[in-house]
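Chemist:
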Amino acid sequence: MDPACQVGTTQGHGSSIMVWGVFSWQFLGSLVLVPTSLNTIRYLELLGNHLHPFMLYCYSHGNGVFQQDNCTSHRSRLATAWLDDHSSDFSLMNWPPRIADLNPIEHLWDVFEKGVNAHHTTPATLTELWTALANVWQAIPVERFRKLVESMPRRLVAVIKARGGPT
0 MDPACQVGTT QGHGSSIMVW GVFSWQFLGS LVLVPTSLNT IRYLELLGNH
50 LHPFMLYCYS HGNGVFQQDN CTSHRSRLAT AWLDDHSSDF SLMNWPPRIA
100 DLNPIEHLWD VFEKGVNAHH TTPATLTELW TALANVWQAI PVERFRKLVE
150 SMPRRLVAVI KARGGPT
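Counting with numbering that gives the first Met the number 0, you get residues 0 to 166 for the letters of the sequence shown.
#1: With H, G and I counted as helix, E and B as strand and the rest as coil, what does DSSP make of PHE111?
#2: Can you tell me whether VAL6 is buried or exposed? The criterion is at least 16 other CB atoms within 10 Å of its CB, across all chains shown.
#3: Roughly how many whole angstroms lie between the Cα atoms of GLU112 and LEU77?
#4: Is it buried or exposed, SER86, if we count other Cβ atoms within 10 angstroms and call 16 or more buried?
#5: In whole angstroms, give me the CA-to-CA distance for ASP68 and VAL115.
#6: Grab me the residues of LEU55's own chain with a C-beta within less than 7 Å of its C-beta, minus the 5 sequence neighbours each way, in chain order.
#7: Taking all protein chains shown into account, decide if VAL141 is buried (16 or more other Cβ within 10 angstroms of its Cβ) or exposed.
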């Protein structure tokens, strides 16, 4: 199972940065700066410029599975068509939105946020903030995202046991 795409916002001195990231069991993908809010067009750019090359690199035989968080821009007709057009390169996991327990990237964002909050100085500029975010992202150990992927069977059992409720 391959988790992917989630957008988060981090603030510093009244300014904020939105980022997108992807990971698999094997690799942590790039952290990507999203210039403004994420709409369908920007999401298509992320898919084409970042997700697609990442999936081809990780799964050259087309056997990767992409899990997104199903926010509005992810479920648009254009995004759905793009994903359908690239289904020979990787498949899209069909799952309901807003189930954080079953979306490993949500847990990786928690790790990321803790790393950001561990900094003792608050970035004074957006450039400093972006540099700090990129450094924290790149410092996430391989073992961390591997454990998140490997925990999925246990999470599935817990969600089923809770009848879809929080675990």
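By construction, the Cβ of each residue, glycine as well, lies at the ideal position given by its N, Cα and C atoms.
Modeler: The answer reads as follows:
#1: Sequence index remark: in the sequence shown, residue 111 carries index 112 (1-based). Correct three-state label for PHE111: helix.
#2: Translated into the one-based positions of the sequence shown, residue 6 becomes position 7. Its pLDDT being 44, under 50, VAL6 is placed unreliably by the model, and the measurement read from it follows with that caveat. Flag for VAL6 reads buried.
#3: Counting from 1 along the sequence shown, the entry for residue 112 is found at position 113. Counting from 1 along the sequence shown, the entry for residue 77 is found at position 78. Going from the Cα of GLU112 to the Cα of LEU77 covers about 31 Å.
#4: Along the sequence shown, read from residue 1 onward, the residue named residue 86 stands at position 87. SER86 should be labelled exposed.
#5: Indexing the sequence shown from 1 puts residue 68 at position 69. Indexing the sequence shown from 1 puts residue 115 at position 116. Whole-angstrom Cα-Cα distance: 22 Å.
#6: As a working note, residue 55 is residue 56 in the sequence shown. Closer than 7 Å at Cβ, skipping near neighbours: ASP88.
#7: The residue given as residue 141 occupies position 142 in the sequence shown. Classification of VAL141: exposed, given that the 10 Å Cβ count is below 16.
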